[in-house]
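Residue numbers (my numbering): 50 to 154.
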């Protein structure tokens, strides 16, 4: 039999300001994280989840640490200045600087 393609293309991120930009994804043997850039449209950062310091060697792994329960406090609240959290806050409407994500361990 011939395999049937269930998804013919990656879905576009509705929050991205670049037309056709897709969601970001990171996985390892212990879990995965999928995220949208969120309403602040920061997809120009590519696969860098939110506001991570540039000194990090692998920015996603800095936030998505599979050795701790997810979503972690760092992923939710961030590690930078106030107002720079990684998680989208719906109480702020579309001005929240956070991202929308889903994790699995």
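Every residue gets a Cβ at the ideal spot worked out from N, C-alpha and C, and that includes glycine.
These numbers were taken from a predicted model, which means no experiment stands behind them.
### Residue range of the unbroken beta strand (DSSP E) whose run includes residue 76
For residue 76, the enclosing beta strand (DSSP E) starts and ends at 73-77.
### Query
What distance in whole Å lies between the Cβ atoms of residue 152 and residue 82, which are believed to be in contact at a cut-off of 8 Å?
5 Å
### Message
On a Cα-Cα basis, can you pick out the residue from 138, 126, 54 and 120 that is closest to residue 36?
### Response
What the structure shows of the chain is the stretch from 50 to 154, and residue 36 is not part of that stretch, so it cannot be assessed.
### Query
For residue 77, which option in 139, 123, 115 and 137 has the closest C-alpha, if you only look at C-alpha atoms?
115
### Task
Please state whether DSSP places residue 140 in a helix, a strand or coil.
helix
### Message
Looking only at its chain, what residues have a beta carbon closer than 6 Å to the beta carbon of residue 125, apart from the 5 residues adjacent to it on each side?
### Response
136
### Task
Using only alpha-carbon positions, find the residue among 140, 69, 138 and 84 that is nearest to residue 113.
For residue 113, the closest of 140, 69, 138 and 84 by C-alpha to C-alpha distance is 84.
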